[in-house]
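To start, the structure itself, in structure tokens.
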């Protein structure tokens, strides 16, 4: 099994409070449309072969749908994070319970009280971790990640302007990275020195956020900006991955928030194939 091949995904249904109180909400959203689009997104995760665990919405935490920020799971070990925004701190408690008691994964805690770490700043390439030092993640958080997964190098990358690292770069498949067109995104190329990643610089796209919603899921790649579909399709075909199944997902209502597609699920890379079906009745 490839080190970058995902086996499971945890998602959280969209709470009603998302439409009113989500962090950095830029515009009015239609909660029914958001929920419908999220359901289609979850269905895509299933179609590409992932075992999907759905959590109920938590009205006390409007941003609970962005589960990626709350934990990092790799090689069958889960690190629960310390979110950089105070309103999300208690989301960790529920995720810890799910990972430990329901999914029976070993769970690592961040002990440094000064550490902050958002999963949106953690990019796993299959060979190493890149971790963004942003407004949500600090050096102590990066050190906690490195100590949890000592089998992989951990490379810190300064993120000054964007919310998270994965709004600048993301993986589009094994050994293939997408990089946004801005100077900040291109600075991340320095972290690439010495490894064998192929880079796709999306220079034809204007917005850095575009790179954050290119999502590689085993043998399928999806994105949420329909206006850029043909452009992204052409880029993919020109970079020898035209055989992949390119799908179009509309998440227009999610883009009214400073968030991104990948943050709506937590990917689990396990050492072996677990069967989580017996646990779903406790979660639902």
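Residue numbers (this note's numbering): 997 to 1280. Every residue, glycine too, gets a C-beta built ideally from N, C-alpha and C.
Taking residue i as the reference, which of the options has the closest Cα?
i            : options                   : result
residue 1082 : 1013, 1113 and 1046       : 1113
residue 1001 : 1046, 1148, 1036 and 1075 : 1046
residue 1164 : 1007, 1171, 1119 and 1262 : 1119
residue 1144 : 1073, 1004 and 1008       : 1073
residue 1093 : 1116, 1066, 1117 and 1111 : 1066
residue 1123 : 1039, 1151 and 1101       : 1151
residue 1044 : 1017, 1140 and 1003       : 1003
residue 1153 : 1181, 1140 and 1176       : 1181
Rounded to a whole number of angstroms, what is the C-alpha to C-alpha distance between residue i and residue j?
i            : j            : result
residue 1029 : residue 1088 : 27 angstroms
residue 1060 : residue 1183 : 31 angstroms
residue 1126 : residue 1077 : 15 angstroms
residue 1104 : residue 1179 : 35 angstroms
residue 1131 : residue 1068 : 18 angstroms
residue 1155 : residue 1128 : 6 angstroms
residue 1171 : residue 1149 : 15 angstroms
residue 1137 : residue 1106 : 8 angstroms
residue 1008 : residue 1117 : 19 angstroms
residue 1098 : residue 1157 : 38 angstroms
residue 1006 : residue 1070 : 13 angstroms
residue 1108 : residue 1051 : 28 angstroms
residue 1037 : residue 1100 : 26 angstroms
residue 1096 : residue 1161 : 27 angstroms
residue 1055 : residue 1079 : 18 angstroms
residue 1142 : residue 1039 : 33 angstroms
residue 1085 : residue 1175 : 30 angstroms
residue 1140 : residue 1091 : 18 angstroms
Tell me which residues share the same chain as residue i and place their Cβ nearer than 6 angstroms to its Cβ, disregarding the 5 neighbours each side in the sequence.
i            : result
residue 1057 : 1087
residue 1042 : 1048
residue 1075 : 1068, 1104 and 1144
residue 1017 : 1058
Quickly, what does DSSP pair residue i with across the bridge? List them, please.
i            : result
residue 1166 : 1174
residue 1078 : 1113
residue 1119 : 1126
residue 1073 : 1070
residue 1139 : Beta-bridge pairing links residue 1139 to no other residue.
residue 1047 : 1004
residue 1150 : 1125
residue 1104 : 1075
residue 1099 : Residue 1099 is not bridged to any residue.
residue 1159 : Its beta-bridge partners do not exist; DSSP assigns none.
Using a Cβ-Cβ cutoff of less than 8 angstroms, which residues in the same chain neighbour residue i once the five nearest sequence positions on both sides are dropped?
i            : result
residue 1010 : 1027, 1030, 1031, 1034, 1053 and 1061
residue 1236 : Residue placement at residue 1236 cannot be trusted, given a pLDDT of 48 that sits under 50; what the coordinates show is reported in the next sentence. Nothing meets the Cβ criterion.
Should residue i go down as buried or exposed, given a rule of 16 or more other Cβ atoms within 10 Å for buried?
i            : result
residue 1147 : exposed
residue 1064 : buried
residue 1134 : buried
residue 1012 : exposed
residue 1102 : exposed
residue 1262 : buried
residue 1198 : Because residue 1198 sits at a pLDDT of 48, beneath the cut-off of 50, its placement in the model cannot be relied upon, and the following sentence gives the value as read from the coordinates. Label assigned to residue 1198: buried.
Excluding five sequence neighbours on each side, which residues of the same chain lie with their C-beta closer than 7 angstroms to the C-beta of residue i?
i            : result
residue 1019 : 1059, 1081 and 1083
residue 1110 : 1136
Can you tell me whether residue i sits near the ligand MG, meaning its C-beta is under 8 angstroms from at least one heavy atom of the ligand?
i            : result
residue 1039 : Among the components modelled here there is no ligand, and therefore nothing to report on the ligand MG.
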